[in-house]
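Participant: In terms of UniProt numbering, the sequence shown opens at residue 1 and continues consecutively.
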Amino acid sequence: MASEESQQVNFEKQVERAKQFKEDLDSGKGWTQRYHVLDEYNSWSKTFPEEEVPVKLLFKFENLPISAEKFAEMLLNFEIRKKWDNAFAGLELLDTFPNGSVIAYTRVEVSFPLTNRDMVLLCSPPAETDWFGKKAYAMFVTDATHASKPAGAHGLIRATNGGNFYIAVPDDEEPGAKCEVFGLSNNNYNGWLPNKCEFLVTPRASKVFYQLRQSIIEGHNKIQVSNVWVIKDDNFFTNKEYEELMTSYTRNQSFDPAVHTSAVLDEYIHEIIEGKDDYLTTDDNYSDFDNSALINERSRTCQIPSRNVLFLKTHYTGGDAVTNILNRFADLRQLLVALPTNGLSSFYWPSKFHWRYLDMQRLEGNLPNVLCNHARYSGDVMAKFMPLNTHFVSMLREPVDYFATVFERLDIAKRMEIDHHKPFEAFALDTKGFLKQAIRKKRFFDSMNLLKNGMFFDLGLHTSEYENEIAISSAIFDLQTKFTLVLIYEYLDESLVLLKRKLCWKIDDIVYLSSLLPRNMAMTFTVSRAAKHAIGKWNMADFMLYDFFNATLWEQIRNEDNFDAELASFKARRKEIEFFCETGQAYDGNVGFNFVNFNETQGFGTRVKVEDICSKMAMTDVDYLEYFRK
Numbered sequence: 001m002a003s004e005e006s007q008q009v010n011f012e013k014q015v016e017r018a019k020q021f022k023e024d025l026d027s028g029k030g031w032t033q034r035y036h037v038l039d040e041y042n043s044w045s046k047t048f049p050e051e052e053v054p055v056k057l058l059f060k061f062e063n064l065p066i067s068a069e070k071f072a073e074m075l076l077n078f079e080i081r082k083k084w085d086n087a088f089a090g091l092e093l094l095d096t097f098p099n100g101s102v103i104a105y106t107r108v109e110v111s112f113p114l115t116n117r118d119m120v121l122l123c124s125p126p127a128e129t130d131w132f133g134k135k136a137y138a139m140f141v142t143d144a145t146h147a148s149k150p151a152g153a154h155g156l157i158r159a160t161n162g163g164n165f166y167i168a169v170p171d172d173e174e175p176g177a178k179c180e181v182f183g184l185s186n187n188n189y190n191g192w193l194p195n196k197c198e199f200l201v202t203p204r205a206s207k208v209f210y211q212l213r214q215s216i217i218e219g220h221n222k223i224q225v226s227n228v229w230v231i232k233d234d235n236f237f238t239n240k241e242y243e244e245l246m247t248s249y250t251r252n253q254s255f256d257p258a259v260h261t262s263a264v265l266d267e268y269i270h271e272i273i274e275g276k277d278d279y280l281t282t283d284d285n286y287s288d289f290d291n292s293a294l295i296n297e298r299s300r301t302c303q304i305p306s307r308n309v310l311f312l313k314t315h316y317t318g319g320d321a322v323t324n325i326l327n328r329f330a331d332l333r334q335l336l337v338a339l340p341t342n343g344l345s346s347f348y349w350p351s352k353f354h355w356r357y358l359d360m361q362r363l364e365g366n367l368p369n370v371l372c373n374h375a376r377y378s379g380d381v382m383a384k385f386m387p388l389n390t391h392f393v394s395m396l397r398e399p400v401d402y403f404a405t406v407f408e409r410l411d412i413a414k415r416m417e418i419d420h421h422k423p424f425e426a427f428a429l430d431t432k433g434f435l436k437q438a439i440r441k442k443r444f445f446d447s448m449n450l451l452k453n454g455m456f457f458d459l460g461l462h463t464s465e466y467e468n469e470i471a472i473s474s475a476i477f478d479l480q481t482k483f484t485l486v487l488i489y490e491y492l493d494e495s496l497v498l499l500k501r502k503l504c505w506k507i508d509d510i511v512y513l514s515s516l517l518p519r520n521m522a523m524t525f526t527v528s529r530a531a532k533h534a535i536g537k538w539n540m541a542d543f544m545l546y547d548f549f550n551a552t553l554w555e556q557i558r559n560e561d562n563f564d565a566e567l568a569s570f571k572a573r574r575k576e577i578e579f580f581c582e583t584g585q586a587y588d589g590n591v592g593f594n595f596v597n598f599n600e601t602q603g604f605g606t607r608v609k610v611e612d613i614c615s616k617m618a619m620t621d622v623d624y625l626e627y628f629r630k
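1. Determine the burial state of His421: buried for a count of at least 16 other Cβ atoms within 10 Å of its Cβ, exposed for fewer.
2. Do Phe549 and Asp493 count as a contact pair if the criterion is CB distance below 9 Å?
3. Grab me the residues of Glu465's own chain with a C-beta within less than 6 Å of its C-beta, minus the 5 sequence neighbours each way, in chain order.
4. May I ask which residues mark the beginning and end of the beta strand (DSSP E) holding Ala136?
5. Under 6 Å Cβ to Cβ from Cys66, same chain only, skipping five residues before and after it: list those, please.
6. State the start and end residues of the unbroken alpha helix (DSSP H) segment that holds Ala72.
7. Buried or exposed for Thr323, please, with buried defined as at least 16 other CB atoms from any protein chain shown within 10 angstroms of its CB.
8. Thinking C-alpha only, which one of Arg415, Leu459, Leu396 is nearest Leu487?
9. Helix, strand or coil for Tyr41, going by three-state DSSP, please let me know.
10. What is the rounded straight-line gap between the Cα of Gln585 and the Cα of Tyr512?
11. Closest to Arg34 by CA distance: which of Arg415, Leu25, Trp44 is it?
12. I need the boundaries of the alpha helix (DSSP H) containing Trp554, first residue and last residue.
13. For Gly28 and Lys22, I'd like the C-alpha separation in whole angstroms.
14. If contact is defined by three or more beta carbon pairs under 8 Å, each pair taking one atom from either stretch, is the region 113 to 128 in contact with the region 155 to 165?
15. Could you pull the DSSP bridge partners for Arg117 from this structure?
16. Going by alpha carbons, who is nearest to Thr47 out of His533, Phe392, Tyr489, Asn186?
17. Closer than 6 Å by C-beta to Asp140: which residues in its own chain qualify, once you throw out the five before and the five after it? Chain order, please.
18. Go to Ile488, then tell me how far its beta strand (DSSP E) extends in each direction, as first and last residue.
19. Measuring CB atoms only, is the region 401 to 416 touching the region 445 to 452, in the sense that at least three cross pairs come out at less than 8 Å?
20. Pick from Asn188, Ser345, Arg333, Ser101: whose alpha carbon is nearest that of Leu620?
21. In whole angstroms, what separates the C-alpha of Thr106 from that of Glu92?
22. Which class does Ser351 belong to by DSSP, given the choice of helix, strand or coil?
23. Give the list of continuous alpha helix (DSSP H) stretches no shorter than 4 residues that lie fully inside the region 401 to 477.
24. Sorted by chain position, which residues of the same chain lie with C-beta nearer than 7 Å to Leu545's C-beta, five sequence neighbours on each side aside?
25. Considering only the alpha carbon of each residue, which of Ile613, Phe444, Thr341, Phe329 lies closest to Lys506?
26. DSSP three-state call for Met619: helix, strand or coil?
27. Per DSSP, His36 forms a beta bridge with which residues?
28. With H, G and I counted as helix, E and B as strand and the rest as coil, what does DSSP make of Lys60?
29. For Arg357, tell me which candidate among Asn366, Leu363, Phe347, Gly365 has the shortest Cα-Cα distance.
30. Would you call the region 385 to 392 and the region 306 to 315 in contact, with 3 or more CB pairs under 8 Å?
31. Is it buried or exposed, Ile217, if we count other Cβ atoms within 10 angstroms and call 16 or more buried?
32. Tell me whether Asp561 is buried or exposed, calling it buried when 16 or more other Cβ atoms sit within 10 Å of its Cβ.
33. Give me whichever residues DSSP pairs with Asn187 in a beta bridge.
34. Leaving out the 5 sequence neighbours to the left and right, which residues in its chain are closer than 6 Å to Leu459 when beta-carbon positions are compared?
35. Considering Cα atoms alone, identify which of Asp320, Lys500, Ala144 is closest to Cys372.
36. How big is the Cα-Cα spacing for residue 645 and Leu516?
Listed below in structure tokens is the structure:
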């Protein structure tokens, strides 16, 4: 049993000590900046030779996207912490006290020159305090003793804690959603170099605490998913609305819901989806685009293959090939893929994405690695259920060709009864008139949202902003900051090679079959200059979107080294594999295929027969949905 003294933390004294560290840091005397991530994390170290633990590491979590109260719970509620922090999996609670303090024991296995160590710690409960005029929550961790865990037992060296603290300050503007944390770490780890290892550890420890920040965020999101918490966002439905929405997607369907695509989801949902009442009008003062900060810690350079990708699949832009690439990547590595609920093939498009549309049971409380089925972009919601380092990717197509493809795939000439020898030309020159007629006759189906700025509709732009150039530009720049890459269909090979580099993938990871690519519909129709002009005016937002990201793609390519050589290698490789898949014969006698099925859990790979790869490369998104659901 712990002694009475070891149960107590002098709260006022510890707060005053924390303030002294803050003031000393602000003075700049002797502190060396360590690891720093702009607007997220900073750290500093300083040596105090006379103290038992001489090296002090101060750190700051900036813009932490959880409340101060939730941070305290994530950190010091050990049952919760065990759910997200693997280092605490073996933690033992030795004693709990009426004031909320606990004595905990932990042991850590480390590599040379450190020695396997253990610690007995007294952890105080979070308590409200004044932090330079602001309300804050203070938590303290100090050394403790316990009769059941004597120092030196089991050959372990007892580490010394010099008194750590965490001060969580609610954000001024969003106190219920964000906070800033000021903390101190000072531990003497001992080992083969007594009283020296803390000097070796400090540079690495500064990065470890940044990783702790990221783990807290991801752990918080994971717990939300496992508890099926509902996030408040612009797409929140009442229970009645939600039931009506679910019913509308499943009633009166003559086909298996597991195999239909979003193109035929033509039930009326007037109360929920924008696009009917304001489809032909605008209001410059209205803004519904999600400009909130999206957590996407993508790295411009990488050392290991990225496993977490969200592909915002836009309609009729050639995304089937990319979806196959991502599904195949996840399949061969046994990664978790996000699937729509109720056997659907889309996440209830054209509704903006919401957690309710996920097959939560299949995830079993885990965050998915990959999402690549049709979903309408909702950045804030998507960021909260994908892992923190997820790469967001999308794809665009030349707008005239795209508009012609939508016209053809939705069978608009028949649906709108266009009696003209050139129906596409007639529709392009008077799109607004035809849509007015469809709305008046109540023949405006959800899929017809794609007939005006359809790509930007998929990417979340509200229909009321289609004529607002300022809102469009703002939305484009917002997407630029949140997406790792936007692929361009007309330059798909170039886009994929660039994506491969950003994700640290291999050439074989991005090969595809040309059979998954769509036809060029603009070549099928005769499009006059007047029609092209009308299409451009009608789809202004899509043209601005495409022009920006097309230019961005080529700007990035110009900054790449040896890009042309790798592009040529990729084209040759794709030709080689496609030839084999079509004929069963090796191209030019080359049989050097190198596909591996890697088991993430067991940590080993088994070679996959190229015949099996050919089969997987031919699978559509619906094929893969059925495969993953088995």
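All residues carry an ideal CB built from backbone N, CA and C; glycine is no exception. Source: prediction; values computed, not measured.
Facilitator: The answer reads as follows:
1. If you number the sequence shown from 1, residue 421 lands on position 421. Per the 10 Å Cβ criterion, exposed.
2. Along the sequence shown, one-based indexing puts residue 493 at 493. Along the sequence shown, one-based indexing puts residue 549 at 549. Not in contact: Asp493 and Phe549 (Cβ atoms no closer than 9 Å).
3. Mapped onto the sequence shown, residue 465 falls at position 465. Non-local beta-carbon contacts of Glu465 in its own chain, meaning distances under 6 Å to residues more than five positions away in sequence, involve Ala471 in chain order.
4. Position 136 of the sequence shown, counted from the first residue, corresponds to residue 136. Ala136: member of the beta strand (DSSP E) spanning 134 to 143, first to last residue.
5. Sequence index remark: in the sequence shown, residue 66 carries index 66 (1-based). The question names Cys, but residue 66 in the sequence shown is Ile. Once the five neighbours on either side are set aside, the close Cβ partners of Ile66 are His220.
6. As a working note, residue 72 is residue 72 in the sequence shown. In the DSSP annotation of this structure, the continuous segment of the alpha helix (DSSP H) that includes Ala72 starts and ends at 68 to 76.
7. One-based indexing of the sequence shown puts residue 323 at position 323. Within 10 angstroms of the beta-carbon of Thr323 lie 16 or more other beta-carbons, which makes it buried.
8. Along the sequence shown, read from residue 1 onward, the residue named residue 487 stands at position 487. Cα-wise, what sits closest to Leu487 is Leu396.
9. For the purposes of this step, residue 41 is identified with residue 41 of the sequence shown, where counting begins at 1. Tyr41: strand per DSSP, three-state reduction.
10. As a first step, residue 585 must be located in the sequence shown, where it is residue number 585. As a first step, residue 512 must be located in the sequence shown, where it is residue number 512. Straight-line Cα distance between these residues: approximately 17 Å.
11. The residue labelled residue 34 in the question sits at position 34 within the sequence shown. Comparing C-alpha distances from Arg34 to each of Arg415, Leu25, Trp44 shows the shortest one belongs to Trp44.
12. By 1-based counting over the sequence shown, the position of residue 554 is 554. Following the DSSP letters along the chain, one finds Trp554 inside the alpha helix (DSSP H) bounded by residues 540 to 558.
13. To locate residue 28, count along the sequence shown from 1; it is residue 28. To locate residue 22, count along the sequence shown from 1; it is residue 22. Rounded to whole angstroms, Gly28 to Lys22 spans 10 Å at the Cα level.
14. The region 155 to 165 vs the region 113 to 128: in contact.
15. Residue 117 sits at position 117 when you count from the first residue of the sequence shown. Answer is Val108, Ile157.
16. As a working mapping, residue 47 is identified with position 47 in the sequence shown. Check the Cα spacing between Thr47 and each of His533, Phe392, Tyr489, Asn186: the tightest is with Asn186.
17. Within the sequence shown, numbered from 1, the residue matching residue 140 stands at position 140. The sequence shown places Phe at residue 140, rather than the Asp named in the question. For Phe140, where only same-chain residues beyond five positions count, the Cβ hits under 6 Å are Val9, Gln14, Ser124, Phe165.
18. What you label residue 488 is simply residue 488 of the sequence shown in a count that begins at 1. In the DSSP assignment, Ile488 falls within the beta strand (DSSP E) that extends over 485 to 488.
19. The region 401 to 416, when compared against the region 445 to 452, does touch it at the 8 Å Cβ threshold.
20. Locating residue 620 in the sequence shown gives position 620, counting from the first residue. One point to set straight first is that residue 620 is Thr, not Leu, in the sequence displayed. That would be Ser345, whose Cα lies nearest to the Cα of Thr620.
21. If you number the sequence shown from 1, residue 106 lands on position 106. If you number the sequence shown from 1, residue 92 lands on position 92. Distance between the alpha carbons of Thr106 and Glu92: 6 Å.
22. As a first step, residue 351 is located in the sequence shown; it is residue number 351 there, counting from the start. Residue state, collapsed to three classes: coil.
23. Counting only runs of 4+ residues, the alpha helix (DSSP H) found wholly inside the region 401 to 477 occupies 412 to 415, 423 to 429, 431 to 440, 454 to 458, in chain order.
24. Residue numbering aside, residue 545 sits at position 545 when the sequence shown is read from its first letter. Only residues of its own chain outside the window of five on either side were considered, and among them Leu396, Met455, Phe456, Ile476 have a CB closer than 7 Å to the CB of Leu545, listed in chain order.
25. Position 506 of the sequence shown holds residue 506. It is Phe329.
26. Against the sequence shown, residue 619 aligns to sequence position 619. Correct three-state label for Met619: coil.
27. Here residue 36 refers to the residue found at position 36 when the sequence shown is read from its first residue. In DSSP, His36 forms a bridge with Asn42.
28. Position 60 of the sequence shown holds residue 60. Looking at Lys60 - three-state DSSP - the assignment turns out to be strand.
29. Residue 357 sits at position 357 when you count from the first residue of the sequence shown. Just to set this straight, residue 357 is Tyr in the shown sequence, not Arg. Here the closest residue by C-alpha is Phe347.
30. At 8 Å Cβ cutoff, the stretches touch.
31. Position 217 of the sequence shown holds residue 217. Answer is buried; the Cβ neighbour count reaches 16.
32. Position 561 of the sequence shown, counted from the start, is the residue given in the question as residue 561. Classified as exposed, Asp561 has fewer than 16 neighbouring CB atoms from the shown chains inside 10 Å of its CB.
33. For this step, residue 187 is matched to residue 187 along the sequence shown. When DSSP reads this structure, Asn187 sits in a beta bridge with Asn161.
34. Your numbering for residue 459 matches position 459 in the sequence shown. Excluding residues up to 5 positions away in sequence, Tyr377 lie with their Cβ nearer than 6 Å to the Cβ of Leu459 in the same chain.
35. As a first step, residue 372 is located in the sequence shown; it is residue number 372 there, counting from the start. For Cys372, the closest alpha carbon among the candidates Asp320, Lys500, Ala144 is that of Asp320.
36. An answer regarding residue 645 cannot be provided, because it is not within the stretch 1 to 630 covered by the chain.
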